[in-house]
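> First to last, the sequence lines map onto chains A and B.
Quick note: the first sequence uses numbering that gives the first Met the number 0, first residue 0, plus one each step.
Quick note: the second sequence uses numbering that gives the first Met the number 0, first residue 0, plus one each step.
We put the CB at the ideal spot given by N, CA and C, even for glycine.
For clarity, every value in this text was computed on a predicted model and none was experimentally measured.
Take this structure, written in structure tokens, and hold onto it; I'll ask about it next.
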Amino acid sequence: MRGEALLALEDGTVLRGRSCGAAGEACGEAVFNTAMTGYQEVLTDPSYHGQLVTMTYPQIGNYGITAEDNESRKPWLAGFITKELCRNPSNWQSIEPLDFFLRKHGIVAIEGIDTRALTLRLREKGALRAALSTLDLNPRSLLAKARRAPSMSGSDLVREVSCEKAYRWTEGFRQRGPALHVVVYDFGAKFGILRCLARQGLRVTVVPASLGAAEALALKPDGVLLSNGPGDPEPVAYAVETIRRLLERRLPIFGICLGHQLLGLALGGKTFKLKFGHHGLNHPVMDLETRGVAITSQNHGFCVDLASLPREVRTTHVSLNDGTSEGMAHSQLPAFSVQYHPEASAGPHDSRGLFVRFKKLMLERRQSISPC
Amino acid sequence: MPKRTDIKKILVIGSGSIVIGQGCEFDYSGTQGIKALREDGYEVVLINSNPATIMTDPELADRTYIEPLTPEFLEEVLKRERPQAILPTLGGQTALNLTVAAAERGIIEKYGVELLGARLETIRKAEDRQLFKQCMQQIGLDLPKSLVVTDVSEAKQAARELGFPLIVRASFTLGGTGGGIAYHLDDLRQKVHAALEASPVKKVLLEESALGWKEFELEVMRDAKDNFVVVCSIENIDPMGVHTGDSLTVAPAMTLTDRQYQQMRDEAKKVVSAIGVETGGCNIQFAVHPRTGRRVVVEINPRVSRSSALASKATGFPIAKIAAKLAVGYTLDEIRNDITKATPACFEPSIDYVVVKAPRFAFEKFGDFPLDTAMKSVGEVMAIGRTFKESIQKALRGLEGGKAGFDFEGEADAETLLKKLSLPSSGRVYWIKAALRSGMSAEDVAETTQIDPWFIHQFKELVDFEAVLSASRPSRELLRQAKGLGFSDVQLARLWKRTPQAMRALRRRHGLRPAFKLVDTCAGEFRSATPYFYSTYEDESDAPPGKSRKKVVILGSGPNRIGQGIEFDYCCVQSALALRALGCESIMVNCNPETVSTDYDTSDRLYFEPLTFENVMDIVERERPLGVIVQFGGQTPLNLAAALEKAGVPILGTQVRSIDIAEDRRRFGAALRELGIPAPENGIARDLRRALALARSIGYPVMARPSYVLGGRNMQIIYDDSGLRDYMERQRASRGRAERHPSLLIDRFLADATEVDVDAVCDGKDVFIAGVMEHIEEAGIHSGDSACTLPPHSLGQAALETIRRHTTALALKLEVRGLINIQFAVKDGAVYILEANPRASRTVPFVSKATGIPVARLATSVMLGKSLSRLLPRKLLAESPIAPPYTATKEAVLPFIKFPGIDPRLGPEMKSTGEVMGIDVDFPRSFAKSQEASGLTLPASGSVFISVRDADKPEVLHVARSLRQMGFSLVATRNTREFLGRHGIEAERVAKLGEGKPDVVDLIKQRSVSLVINTPSTQRSRSDGYAIRRTALELNVPCITNIHSCQAAVHAIAAAREARLTVKPLQEYYRQLPYRFPAET
């Protein structure tokens, strides 16, 4: 039987709904995502580690869970909030209903929530700390828990999601040109990124976030990809230090999302927290060089402060919605990065060309080192 | 790129009459497009033959040509206006076809005009099946295997290769006309034959069947910089095999994973770029195999469409407006999102609700045809709710088909159920309910219907919950859940055996009211500036009610249907404009996504809601307006008026008691007697005995009809007792479902009378007669199907004066505040009143276009208390009706071709879907244009087949003689030929059916006749005449079935032979008027 569940926000809002996942309790920052498809990717995206995610789309779980669409080994978010969760999914790729998956992985979830009202609250007040429980149905006590929840700012969540030891990634590999080797720093990397790299014919080694520069260089990479990941970039100082060393070696570097922010810090910039972040699949981003617009997948609560960066770093992409920086490139070093997710998953595939650009940088470097 | 400055003047092509497959969505898109172009400073010239549109309002374009949409008339407009460019992508298939036809005749090149939005090459690639196929193969996309054939033997060959069933599609047609599914060889022969006839290029595509696959549509936009966005995805609930216009559809797509959806998006991007859609909107249809996921491209429309209108309303993204901006050089990133006013239009809307579209059929008129790839619905509703279950219930009740939601009490045995489920039909969704109630599993229902199990499970949840409701007593919690699942008060009342009023009261006691949420394009991510609402049962409303103290609610007309279409939407939009000018806040309530009234900037606040008492009352209680306007939306709001008034809601304009008098035969008769206005003898009968007595005392022929009907439903002329018996029997058989009032009205039928329609506005003191229209067809043909002319072409001054007097007296007597429409019949100099409707009529837009006076706007001002004497110039009011120094003729457009086997003849029951107007210096020339515009090209020479009933023989002599004088040769069957011969008119003899070969039908098939004149004898005869009319219809040979129209046609032919028909914009006609009307009232 579906039991009751309660959601409390630090601003005093308490919403009642039904449990549709595991029994339990979760605290974290409440954010919303406006994607109409791709809840499985959201659930398994390590960038959501520690967050309570509300989907603005009201009917979730329609196609259940598939074997193909996981973005990591397991769901990372703290809790899941929906209007209605579908018990009878239908799709030829579906292997199990969403609520099975949530329970299997111990994710607390609530349905029957006016997610639009919740979203408008988050839009106006910014991301709020929240508590979700199927156990503690006392509004006052849950509210207190919400207010005690840790803030995203200042905590290093990367350590919790990064892989423990290096591994090879081969899924989706297609032989194309010379065997270039990419080292992917796993700050919470989505499988989607790894698949995109493999599809370019790249050999991919995924390494822990804490791996030092020297060890990484020992793997003889042709380039380094700085992955996405959860939370605030500032406390991930060890990675910033590593990136600085890699930059010194003039290695091609491609940063995505948290990787972009860490690259920004390594280049001497600053980051700041957005009011409620960008979380959706429909964000227009203009490439300042071509003036073309891509519809991008985004998921970030922090942003690189452009003004804080040295002159050699130029902005390459901007968000058309709020004008914030969405990409940068260094004029002397082969390093570039984007705040959004070119691998999409979930989202439109408009920006997958960036992986080609990364590969080109690596090819150029290899040719300049060993002209044949 | 900013807008182009090398272009100054742009010609926009409209879509002409409303027909099945091309509804008022193109008025919506055209209106948006024209506004967008003028906003950017372009001079806009419009050609469109449909007077019932907002786009043909004289203020909208700079110059408005209400002229036939043919290459000849297009050329005349180009010659006169010399625009630099044509925008053909807003006017549906009609505009694209016209553009292609004009280009093929070298007209586009001759006048050096550029095509905006879609190049010729693009249109060809999208429309020509063969080119489309090649193009898709080049970019590596999967397609159903298909072959193009040009005759039946090629078709047989192709069938061997592809296997049955096969999809048959005619090239270059709209709404799938001439298409179908062939299951075996005989079937194939017949369908290919029909398709070849329907295709203007005589090409037919045979396609591997994707029957039963899942069907999806993407509405996309692309700009000159190759920026690409998907505005909306749509999933069809009915699988492949049912035309998307006839399907229940849902937005966004519900059952695809992100990866599957994005792959579809990638393909769509490739398709638009390969087809060459450079600037504008485009619709792409996909079929997906339900078990393998194999995906094929089915079709593409490189223009705005019915689906794009739906997508615009579903997301708030104005596709037509943006398409027009892109066509003149803007790129998506340069255009602002109108809804948020803060973000750019270059994005993909995200929605946080579920949209369901449901088609409205007119099978009560044509019989219940099974659904296939040829579209048959005449209108649609859209519903917005937070879940599919809520939305589908709202959609089904919005249809006004007697259902308050997902409602059905019917039961059937297992065999019947299987049959009902396997054959797509307008009622199949209800049989799904019956099957689930009978205990059939969701899986079995899905298997049998081939509808995705996801939807069937959603239906099952409703059925299961209904069972819980039935078994329980009302409680707050149950009520809350029920409302969340979209159950209406009426449904709950039935389940709990109470009245809807009691349910409403109970609901209010429990504090259960709907929340009103915004359609904002962005799922709440950004603040929205546009008040476009829907109701749902959730915790919080997004925005407070409007702040103005002068708020007025306009109730729209719901889904288009025969008898209630775009004309009423036109009136509602005009009313909103008038309210704005009067400083009132207008609040529109409607659920028809095709319309201008449901555009977010037509009114100050838009509620996209079903037009039921419950939904309207919820809005009224929230907004607390000055009052509600019920006069403009046809019968739909009028049906709500009494209940609203009873609930204490002020009705603006004519009060309910006046409406009641007009609708109640007895009281209406008493009023007429008091005023000394004659009416045909009439009475009411409740059973056969009394009906027979009444009919005999009145004297046959009589006109019989059930009371309270719209569009002449079930109206019939009856000639004798046995006819009346048959009629009563049929009424009894069909009763119980639709008719509230089983009583029968019987009127004396005035044979051969001239019918006259009058539209007038009354303020309680003065009456302004806006227009007097004389019907071409005699009384007995429904006024909606009849051609009519303004000013009247044959009425004498005395009759006109009597009509004026009667109109004034009746309007004052009924205490009309606003519009009234009166139908008169003039016979042998005597003027009779047939009926009066104190509301806007179908002819209001026609009168407005013909006279230059915005009648609905005027009426709105009157309803808000302004007096006619202050609104109108003195002369105009005192001397009304003032005949303009030119003539406008309205002609009806009929959907017979879509319904195989239907006799294409007119009668007292309305069957037309739309109308066109011809305007010119005199009646014959305006009539000629109206015929041309309706698709009936009167021949200038050739051979005419004549066969008329005895009653028409004297009159046909004049027609025959004139035709001979103009050099036509005549063909007739034996009797008619002898009759003509006796009067010295020569005609060739042709065999009747069964008299040997070649017979008259063969003659038509060989196209040896260029005009058919065939007036049907009695209601029951379906022999020769039927075959002649049907053949002529299917082969597109002009066929006139009414003697009065023949006479008009002969005059028109003569006039057209005398001098070429030329064109002139409305704005120039209006300069000839003896009065000036202020642009704003």
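(1) What's the C-alpha gap between residue 8(A) and residue 29(A)?
(2) Give the interface partners of residue 113(A) over in chain B, defined as CB-CB distance under 7 Å, in chain order.
(3) Considering only C-alpha positions, which residue in the set 145(A), 295(A), 275(A) and 60(A) is nearest to residue 254(B)?
(4) Please classify residue 214(B): does DSSP put it in a helix, a strand, or coil?
(5) Can you check whether the C-beta of residue 91(A) is within less than 8 Å of a C-beta belonging to chain D?
(6) For residue 337(B), tell me which candidate among 120(B), 518(B) and 469(B) has the shortest Cα-Cα distance.
(7) Looking only at DSSP bridge pairs, what is residue 24(A) linked to?
(8) Please say whether residue 319(B) and residue 311(B) have beta carbons closer to each other than 8 Å?
(9) CB-CB under 8 Å to residue 898(B), same chain, minus the five flanking residues each way: which ones, in chain order?
(10) Hey, would you say residue 36(B) sits closer than 8 Å to residue 43(B), going by beta carbons?
(11) List the residues of chain B whose Cβ lies closer than 8 Å to the Cβ of residue 291(A), in chain order.
(12) When the Cα of residue 693(B) is compared with those of 673(B), 675(B) and 723(B), which residue comes out closest?
(13) Can you pull the DSSP bridge partners for residue 85(B)?
(14) Apply the 10 Å Cβ neighbour rule to residue 427(A) and answer buried if 16 or more other Cβ atoms are within range, or exposed otherwise.
(15) For a minimum of 3 consecutive residues, which ranges assigned as the beta strand (DSSP E) are wholly contained in the segment 600-681 of chain B?
(16) Quick check: what's the CA-CA separation for residue 411(B) versus residue 456(B)?
(17) For chain A, is any of its Cβ atoms less than 8 Å away from the one on residue 531(B)?
(18) DSSP three-state call for residue 739(B): helix, strand or coil?
(19) With DSSP as the reference, please indicate the residues paired to residue 232(B) in a beta bridge.
(20) Use the C-beta contact count for residue 1019(B): other C-beta atoms within 10 angstroms, 16 or more gives buried, fewer gives exposed.
(21) Ignore the nearest five residues each way along the sequence and tell me which others in residue 1010(B)'s own chain have a CB closer than 6 Å to its CB.
(22) If you follow the alpha helix (DSSP H) that residue 805(B) is in, where does it begin and where does it stop?
(23) Ends of the beta strand (DSSP E) at residue 179(B)?
(24) Would you check if the segment 378-392 of chain B and the segment 63-76 of chain A touch, i.e. whether three or more CB-CB distances between them fall below 8 Å?
(25) Straight-line CA distance for residue 8(B) to residue 201(B)?
(26) List, in chain order, every chain A residue whose beta-carbon is nearer than 8 Å to that of residue 436(B).
(27) Would residue 352(A) count as contacting chain B if we go by Cβ distances under 8 Å?
(28) Shorter than 8 Å from the beta carbon of residue 104(A) to some beta carbon of chain B?
(29) Within 8 Å, do at least three Cβ pairs link the segment 834-854 of chain B to the segment 1048-1056 of chain B?
(30) Give the DSSP-derived three-state secondary structure of residue 87(A) in the structure shown.
(31) Please report the straight-line C-alpha distance between residue 907(B) and residue 781(B), rounded to a whole angstrom.
(32) Got a sec, what are the start and stop residues for the beta strand (DSSP E) residue 946(B) sits in?
(33) Using a Cβ-Cβ cut-off of 6 Å (strictly less than) and excluding sequence neighbours within five positions of residue 142(A), which residues of its own chain qualify?
(34) Is the shortest distance between the beta-carbon of residue 376(A) and the beta-carbons of chain B less than 8 Å?
(35) If you measure from the beta carbon of residue 314(B) to each beta carbon in chain A, is any gap under 8 Å?
So, from the data block:
(1) Your numbering for residue 8(A) matches position 9 in the first sequence. Your numbering for residue 29(A) matches position 30 in the first sequence. Whole-angstrom Cα-Cα distance: 8 Å.
(2) The residue given as residue 113(A) occupies position 114 in the first sequence. Result: 537, 538 and 539.
(3) Within the second sequence, numbered from 1, the residue matching residue 254(B) stands at position 255. Taking only the C-alpha atoms, the option nearest residue 254(B) is 60(A).
(4) What you label residue 214(B) is simply residue 215 of the second sequence in a count that begins at 1. Judged by DSSP in its simplified three-state form, residue 214(B) adopts strand.
(5) In the structure shown, chain D does not exist; the protein chains are A and B.
(6) Residue 337(B) sits at position 338 when you count from the first residue of the second sequence. Of the candidates 120(B), 518(B) and 469(B), the one whose C-alpha sits nearest the C-alpha of residue 337(B) is 518(B).
(7) For the purposes of this step, residue 24(A) is taken as the residue at position 25 of the first sequence. Answer by DSSP bridge pairing, in chain order: 132(A).
(8) For the purposes of this step, residue 311(B) is taken as the residue at position 312 of the second sequence. For the purposes of this step, residue 319(B) is taken as the residue at position 320 of the second sequence. Taking 8 Å as the Cβ cut-off, residue 311(B) and residue 319(B) qualify as a contacting pair.
(9) Walking along the second sequence from the start, residue 898(B) turns up at place 899. Hits under 8 Å: 365, 366, 368 and 375.
(10) Numbered from its first residue, the second sequence carries residue 36(B) at position 37. Numbered from its first residue, the second sequence carries residue 43(B) at position 44. Yes; because the gap between Cβ atoms is below 8 Å, this pair is in contact.
(11) Taking the first sequence and counting its residues from 1, the one referred to as residue 291(A) is at position 292. By Cβ distance, chain B contributes 224, 225 and 226.
(12) Along the second sequence, read from residue 1 onward, the residue named residue 693(B) stands at position 694. The option with the nearest alpha carbon to residue 693(B) is 723(B).
(13) Start at 1 with the first residue of the second sequence, and residue 85(B) comes out as number 86. Looking at the DSSP assignment, residue 85(B) forms a beta bridge with 10(B) and 114(B).
(14) No answer is possible for residue 427(A): the residues shown for chain A start at 0 and end at 371.
(15) Listed in chain order, they are 604-607 and 626-628.
(16) Locating residue 411(B) in the second sequence gives position 412, counting from the first residue. Locating residue 456(B) in the second sequence gives position 457, counting from the first residue. Residue 411(B) and residue 456(B) have their C-alpha atoms some 21 Å from each other.
(17) Within the second sequence, the letter at position 532 stands for residue 531(B). Taking Cβ atoms only, chain A never reaches closer than 8 Å to residue 531(B), which makes this a no.
(18) Taking the first residue of the second sequence as 1, we reach residue 739(B) at position 740. Bear in mind that a pLDDT of 42 at residue 739(B), under 50, signals an unreliable position, so the model cannot answer this.
(19) Sequence index remark: in the second sequence, residue 232(B) carries index 233 (1-based). Note: residue 232(B) sits in a beta bridge opposite 217(B).
(20) Counting from one through the second sequence, the residue named residue 1019(B) turns up at place 1020. Unreliable placement is indicated for residue 1019(B), whose pLDDT of 48 sits below 50; no coordinate value is reported for it.
(21) Within the second sequence, numbered from 1, the residue matching residue 1010(B) stands at position 1011. In chain order, 938, 943 and 1037 place their CB closer than 6 Å to the CB of residue 1010(B), counting only its own chain and leaving out the 5 sequence neighbours on each side.
(22) Here the question's residue 805(B) lines up with position 806 in the second sequence. If you look at residue 805(B), you'll find it in the alpha helix (DSSP H) that goes 796-812.
(23) The residue you call residue 179(B) lines up with position 180 of the second sequence. Residues 179-181.
(24) With contact defined as three or more Cβ pairs closer than 8 Å, the segment 63-76 of chain A and the segment 378-392 of chain B are not in contact.
(25) Counting from 1 along the second sequence, the entry for residue 8(B) is found at position 9. Counting from 1 along the second sequence, the entry for residue 201(B) is found at position 202. Residue 8(B) and residue 201(B): Cα-Cα distance of roughly 36 Å.
(26) Along the second sequence, read from residue 1 onward, the residue named residue 436(B) stands at position 437. The premise fails here: residue 436(B) is roughly 18 Å from chain A at the closest Cβ pair, so nothing lies under 8 Å.
(27) Within the first sequence, the letter at position 353 stands for residue 352(A). Chain B, which has no Cβ nearer than 8 Å to the Cβ of residue 352(A), makes this no.
(28) Here residue 104(A) corresponds to residue number 105 of the first sequence, with the count starting at 1. For residue 104(A), the closest Cβ of chain B is not nearer than 8 Å.
(29) With a cut-off of 8 Å, the segment 834-854 of chain B and the segment 1048-1056 of chain B do not count as touching, because too few Cβ pairs lie within range.
(30) Here residue 87(A) refers to the residue found at position 88 of the first sequence. Here residue 87(A) sits in coil by DSSP.
(31) Within the second sequence, the letter at position 908 stands for residue 907(B). Within the second sequence, the letter at position 782 stands for residue 781(B). Computed Cα separation, rounded: 4 Å.
(32) Here residue 946(B) refers to the residue found at position 947 when the second sequence is read from its first residue. It spans 942-946 - the beta strand (DSSP E) in which residue 946(B) sits, taken as one unbroken run.
(33) Within the first sequence, numbered from 1, the residue matching residue 142(A) stands at position 143. 7.
(34) The displayed coordinates of chain A run from 0 to 371. Any statement about residue 376(A) would go beyond what the structure contains.
(35) As a first step, residue 314(B) must be located in the second sequence, where it is residue number 315. Among the CB atoms of chain A, none fall inside 8 Å of the CB of residue 314(B).
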